[in-house]
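Take a look at the structure below.
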Amino acid sequence: LFLLLVASLAVQWPAVFYLEGFPVAVTDLLFPVVAVLAAVSFILRTDKLRWTRAYILFAVYLAAFIFASVFAHDLSRSATKSLATAYLVGLAILSLNLICDEGRMRMTIAAWLIGSTIPVAVGLLALILFYIAPDNSILPHITYHYGAVPVGPYPRLSSTFISASMFCNYLNIVVMLLLIERTIGWLNERLWWVSFVASCVCLIFTISSGMGAVVLAIGMWVYYRQRSRIGIVTLVAGLVICTLFLLSSFIALAPHSTAPYSFELPVINIVVYPSPRLLVWTEAFQTFAGNFFVGKGPGSASAAVVFANTEGGHSLLTDAHNTFLSVAEQTGFLGLLSIIGICVYLLRIGFTDRSNPIVFGLATAFLTGFVVQGLTGSFEDARHLWVLIGMLVAANLNERTRLDHYLRSSSQ
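This is the structure in structure tokens:
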């Protein structure tokens, strides 16, 4: 059932139903069943609970949401969001305890990649329909039509996710898991290439700022595998491309009527307009500054920015479009410190010992998927990222266990 839960991460839209405005997916329905069975397993000692310092950081993060809920204006919505946050932390805790050896890690990665074939297949279907049957009734439900990306002769894929950016974020993790598989040699070579190319095609057509993070992830992996000139060039190229994508998030790709100001770039003398992200970031930061100690309340709107979409409609943007600003606005400085603490801890355990490709690959996926993409998108509630967090902690614990057994064997 846990492997089914991991595979179900690939289908987060459409929601089964909504609870206080929050979408409930199949993953959410599977979790309590898996959690109860896992608890029985721990009680019967079929599996053992594993100790990690991550529990402390998770507890502080959850406490920040609960504490902020007490002072929230909308207590019901804040309590629901805090409960959802407890569930997300539960996904990480469940994952790190059940993936207790390399065999289970192998099955978990396989389940993730098997599940990923669904949104990738849907994405490829959307590409085909866009060019041969653009009036098909299915197409609007698996493509994304809102935002600042100029309308053109191409689809923007969202597939089985609520937005193109979230689909891009999920594919970021898929690409890294495929690279891990390539190194470990668990997948047939031909099947690997088909999966990798298909995932990359869908990734490109998400047309999201997160694509730069994926290029960085690939560059880091190539450098990790080849400490040669090719590896260095690939890493530097990844850093440069990722930086350019991040910088592009500040500027609108096309002029828009809802821009409160514009500015001229020196030297090249081009007038540019603030992107919707920049406008939202500004308001979200002001919201955080005005609610520094306890936040505005979990589940609250970070901003209220009206933006003229490139297809002609208007959107009211209330999301912070930044993981750290989103958490800070909702929970105050305690929540911000806790999410930063979680990131620092995970990156430290992931990159301190680079001898294990699974640990390094998962750490790279977390860095690019959660931290880097988190600079331009609010992904703190992405279910797949919390499972990834649990996988990274589990991989680190598995490696430490393996080293302990090796040292004991050597001493004997």
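Just so we're aligned, residue 22 is where the sequence shown starts under my numbering, counting upward by one.
Beta carbons are placed, not taken as given, at the ideal position from N, Cα and C, and that holds for glycine.
Residue j beta carbon less than 7 Å from that of residue i
i	j	result
Val54	Val45	no
His405	Tyr191	yes
Leu78	Tyr366	yes
Ser99	Gly320	yes
Leu83	Val57	no
Leu26	Leu51	yes
Gly356	Ala85	yes
Phe387	Leu409	yes
Glu401	Thr352	no
Ala258	Ser229	no
Pro171	Leu274	yes
Leu70	Gly411	no
Thr227	Phe284	no
Ile201	Ile360	no
Val141	Ser220	yes
Ala154	Trp407	no
Gly252	Ala89	no
Residue i versus residue j: straight-line alpha-carbon distance, rounded
i	j	result
Ser376	Tyr244	13 Å
Thr422	Leu413	14 Å
Asp122	Met232	32 Å
Phe92	Phe354	14 Å
Gln33	Thr389	21 Å
Leu224	Leu65	44 Å
Gly334	Gly316	32 Å
Gly240	Val254	8 Å
Pro174	Val81	47 Å
Trp133	Val196	11 Å
Ala349	Val393	17 Å
Val215	Thr138	11 Å
Ala325	Glu420	46 Å
Leu119	Arg125	8 Å
Leu267	Phe309	22 Å
Phe182	Tyr294	29 Å
Ser97	Ile87	12 Å
Leu418	Asp68	15 Å
Ser269	Cys263	10 Å
Leu272	Leu300	In the sequence as presented, Leu is not what sits at residue 272; that position holds Ile. Between Ile272 and Leu300, the C-alpha separation is close to 10 Å.
Leu396	Phe314	22 Å
Asn330	Leu383	36 Å
Thr106	Val61	23 Å
Ile159	Ile149	12 Å
Trp302	Ser296	10 Å
Leu337	Ser347	16 Å
Ala238	Ile130	18 Å
Ala341	Asp95	18 Å
Pro161	Leu146	12 Å
Thr204	Phe63	33 Å
Phe328	Glu304	13 Å
Asn246	Cys364	One detail in the question is off: residue 246 reads as Arg in this sequence, not Asn. Computed Cα separation, rounded: 24 Å.
Asn209	Lys102	42 Å
Leu286	Val292	6 Å
Collapsed DSSP secondary structure at residue i in the structure displayed
i	result
Tyr39	strand
Val32	coil
Val301	helix
Ile228	coil
Ala403	coil
Leu145	helix
Gly398	coil
Ser137	helix
Asn209	coil
Leu418	helix
Ser249	coil
Leu200	helix
Where the alpha helix (DSSP H) containing residue i begins and where it ends
i	result
Ala46	Here Ala46 belongs to no alpha helix (DSSP H), and DSSP marks it neither H nor E.
Ile114	Leu96 to Leu119
Arg246	Met232 to Arg246
Ala386	Pro378 to Phe387
Phe92	Per DSSP, Phe92 belongs to no alpha helix (DSSP H) and is neither H nor E.
Ala322	Per DSSP, Ala322 belongs to no alpha helix (DSSP H) and is neither H nor E.
Quick one: which unbroken alpha helix (DSSP H) runs of 4-plus residues sit fully inside the segment 148-197? Chain order, please.
160-163
Would you mind listing the alpha helix (DSSP H) stretches within the segment 329-375 that are 4+ residues and don't spill past its ends, in chain order?
344-372
Going residue by residue through the segment 265-320, where are the continuous beta strand (DSSP E) segments of at least 3 residues, counting only ones entirely within it?
284-286 and 291-293
Which complete beta strand (DSSP E) runs does the segment 48-86 hold, if anything under 3 residues is left out?
none
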